[in-house]
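To get this note's numbering, take the position in the sequence shown, counting from 1, and add 21.
Glycine included, each C-beta is placed from N, C-alpha and C at the ideal position.
Below: the structure, in structure tokens.
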Amino acid sequence: MVSDETDRRTIPPGPGLTGASGPSRQLLDEIVRRVVEVAQPDRIILFGSAARGDMGPDSDIDSLVVKAGVPHRRRLAQEIHMNLFGVLAAVDVVVVTPEDIERFAGKVGTIITPALEEGREIYAR
Numbered sequence: 022m023v024s025d026e027t028d029r030r031t032i033p034p035g036p037g038l039t040g041a042s043g044p045s046r047q048l049l050d051e052i053v054r055r056v057v058e059v060a061q062p063d064r065i066i067l068f069g070s071a072a073r074g075d076m077g078p079d080s081d082i083d084s085l086v087v088k089a090g091v092p093h094r095r096r097l098a099q100e101i102h103m104n105l106f107g108v109l110a111a112v113d114v115v116v117v118t119p120e121d122i123e124r125f126a127g128k129v130g131t132i133i134t135p136a137l138e139e140g141r142e143i144y145a146r
């Protein structure tokens, strides 16, 4: 699930959050598995403090879920959230389409721009 090319300093081994660095590889694998189970996305991009490796004790895990042909993004995000119940971390899910990325990439004030600039792809179909 998570690429072997990822920086092991920000994705250390272990079951949960690591405090001030980032989520464990095991936790990310479980999040990816559960998102794929519900959404079958094209891509999942980790962004925010989890991608930068500077998570604090109150940080959540920000994820951009990219899926073509989604008529109801919020509904899919809710389904993903329901399937993430029991994961040992707070996960924020934003569902977008490839068209959303094309339209809003580089635009100030959108979540897509920082997700693409600082994010790391943790799943691709």
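- By the CB criterion at 8 Å, L85 and V57 fall outside the cutoff.
- Distance from the CA of S45 to the CA of A110, rounded to the nearest whole angstrom, comes to 11 Å.
- Our two residues, D50 and R146, have alpha carbons roughly 15 Å apart in a direct line.
- Under the 10 Å beta carbon count, V129 is surrounded by fewer than 16 other beta carbons and is classified as exposed.
- Annotated three-state conformation of S84 is strand, per DSSP.
- Rounded to the nearest whole angstrom, the CA to CA distance from I52 to L105 is 7 Å.
- Take the alpha-carbon of T118 and the one of E142: they are about 15 Å apart.
- Secondary structure at R146: coil, using DSSP grouped into helix, strand and coil.
- Your pair A126 and I132 does not check out as a contact, with CB atoms roughly 11 Å apart and the cut at 8 Å.
- Taking one beta carbon from each stretch, the stretch 82-99 and the stretch 61-69 have 3 or more pairs nearer than 8 Å; the two touch.
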